[in-house]
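This report concerns only the one structure given below.
Numbering (my numbering), first residue to last: 45 to 447.
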């Protein structure tokens, strides 16, 4: 019993004489222009560990898809300890030699990259990445930042630069000159309705059958090209590699459309919709983690109503997304302005409405859903079968996007 009391007393005295390790603070940095959460953590070598992202969100009270504000200070998942001049292990209260060695190398790397002004041995400020004490094994494989032009034809040699040729637009329109950089850094997912086994709504014009998917696709291609011409990163989610942008009134109906990545569309409607939303969500996450802060999905359809009902271009947004609603109203205002300018004899009666549609509900990205016309109405058909009108629709939608 006396031995036990002696041991406990000795342990208490020893603990009292050891220097206490102060509760560490977190390193603070300022968001730079173009910074996203991923690019900021990547700069500090923290991007391969999921716990670093989780801790960053907690420290800064951010949502997982939150944006950073340029000039604002943020706490990083880097713990700040005082180096005692002896060992890293005794400085932070650990026993593992390998962990201490990794922390030493991390501090040396940050000094080499000019991320810290002095060696920790000199200023006694030791940086300890959060993951070293919480999730030391890398568990994220995040790609480098998104390519500027995922649709662009790849150069034929390792030294060649982009030639701004985009095969998806067809031979005549493949070359897409850069007109401005107004949309640089923004990502758009362009989805035309139906396709593959499902032509969508159908109308008649004389001896010709009008298929919704063909006309929606042509307008979508033209809009995609417009976006790329102004510096945007744009993905055509619905694809037909042998159509391209087409001329003339009557576009042949076919069934060979696929989805981004060459994914064949399934026949059942619900699984087919999930194919699209899953692809968009996957690309969205890749781009978000690569630091992209502005991503938008634009879904283009042609409506089908009674033959005698005329409609103007109208828009849907998801009820719980103010950003989606804002995009829809930007597009509406653009068309309203153009109608006043070019069709003074009649009033534009397009609308913006909340609706619980799959492509609005199941995609993580802010999305807007566009109906171009009533494919069964003779007057509305003019809006989509006349080639110049299809281009004007794409041009006017672009102006709405750029507002």
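Glycine included, every Cβ here is placed at the ideal spot set by N, Cα and C.
Nothing here was measured: the structure is a model prediction, and the numbers come from that model.
(message) Among the candidates 151, 294, 289, whose CA atom is the shortest distance from the CA of residue 430?
(response) When C-alpha distances from residue 430 are compared across 151, 294, 289, the shortest belongs to 294.
(request) Give me the Cα-Cα distance between residue 160 and residue 154, rounded to the nearest whole angstrom. (result) When rounded, the distance between both Cα atoms is 6 Å.
(message) Give me the residue from 252, 310, 138 with the minimum Cα distance to residue 178.
(response) Comparing Cα positions, the closest option is 138.
(message) For residue 427 and residue 224, what's the separation of their Cα atoms in angstroms?
(response) So the two alpha carbons sit approximately 28 Å from each other.
(message) Is it buried or exposed, residue 113, if we count other Cβ atoms within 10 angstroms and call 16 or more buried?
(response) Note on residue 113: under 16 other CB atoms within 10 angstroms of its CB, so exposed under the neighbour-count rule.
(message) Between which residues of its own chain and residue 215 is the CB-CB distance below 8 Å, once the five residues before and five after are set aside?
(response) Excluding the 5 residues flanking it on each side, residue 215 has same chain C-beta neighbours closer than 8 Å at 288, in chain order.
(request) Count the other CB atoms, across all protein chains shown, that sit within 10 Å of the CB of residue 319; report buried if there are 16 or more and exposed otherwise. (result) Counting of Cβ neighbours within 10 angstroms places residue 319 among the buried residues, the total reaching 16 or more.
(message) Using only CA atoms, which one of 250, 403, 229, 210 lies nearest to residue 277?
(response) When only C-alpha atoms are compared, the closest one is 229.
(message) Does chain D have any CB closer than 8 Å to the CB of residue 219?
(response) The structure shown has no chain D; it contains just one protein chain.
(request) For residue 383, I'd like the list of residues in its chain whose CB is within less than 6 Å of its CB, leaving aside the five on either flank, ordered along the chain. (result) The residues 392, in chain order, have a CB closer than 6 Å to that of residue 383 in the same chain once the five nearest residues on each side in sequence are set aside.
(request) Would you kindly check if the distance between the Cβ of residue 418 and the Cβ of residue 354 is under 8 Å? (result) Less than 8 Å divides the Cβ of residue 354 from the Cβ of residue 418.
(message) So, does the stretch 372-381 touch the stretch 303-323, judging by three or more C-beta pairs under 8 Å?
(response) With fewer than three CB-CB distances shorter than 8 Å, the stretch 372-381 does not count as touching the stretch 303-323.
(message) Residues in the same chain with beta-carbon distance under 6 Å from residue 262, minus the five sequence neighbours each way, listed in chain order, please.
(response) Leaving aside the five residues that flank residue 262 on each side, the residues in its chain whose CB is nearer than 6 Å to its CB run, in chain order, 290, 434.
(message) Rounded to the nearest angstrom, what separates residue 127 and residue 67 at their Cα positions?
(response) Going from the Cα of residue 127 to the Cα of residue 67 covers about 13 Å.
(request) Quick one: using the 10 Å Cβ neighbour count with 16 as the cut-off for buried, is residue 211 buried or exposed? (result) Taking all protein chains shown into account, residue 211 has fewer than 16 neighbouring C-beta atoms within 10 Å of its C-beta and is therefore exposed.
(request) Going by CA-CA distance only, name the one from 339, 360, 404 that's closest to residue 398. (result) With distances taken between Cα atoms, residue 398 lies closest to 360.
(message) Quick check on residue 105: buried or exposed, where buried means 16 or more other Cβ atoms within 10 Å of its Cβ?
(response) Label assigned to residue 105: exposed.
(request) Report the rounded CA-to-CA distance for residue 317 versus residue 162, giving the unit in angstroms. (result) Rounded to the nearest angstrom, the gap between the Cα atoms of residue 317 and residue 162 is 54 Å.
(message) Checking 8 Å against the spacing of the C-beta atoms, do residue 345 and residue 414 come in under that value?
(response) Yes, these two residues count as a Cβ contact at 8 Å.
(request) Return the bridge partner residues of residue 122 from the DSSP annotation. (result) As DSSP reads the structure, residue 122 sits in a beta bridge with 173.
(message) Between the alpha carbons of residue 402 and residue 134, how many angstroms are there, rounded?
(response) Residue 402 and residue 134: Cα-Cα distance of roughly 56 Å.
(message) Can you find the residues in the same chain that come closer than 6 Å, C-beta to C-beta, to residue 184, ignoring five residues on each side of it along the sequence?
(response) Correct list, in chain order: 92, 94.
(message) Considering only their Cβ atoms, is the gap separating residue 256 from residue 240 smaller than 8 Å?
(response) No.
(message) According to DSSP, simplified to helix, strand and coil, what is residue 415?
(response) For residue 415, the secondary structure class from DSSP, reduced to helix, strand or coil, is strand.
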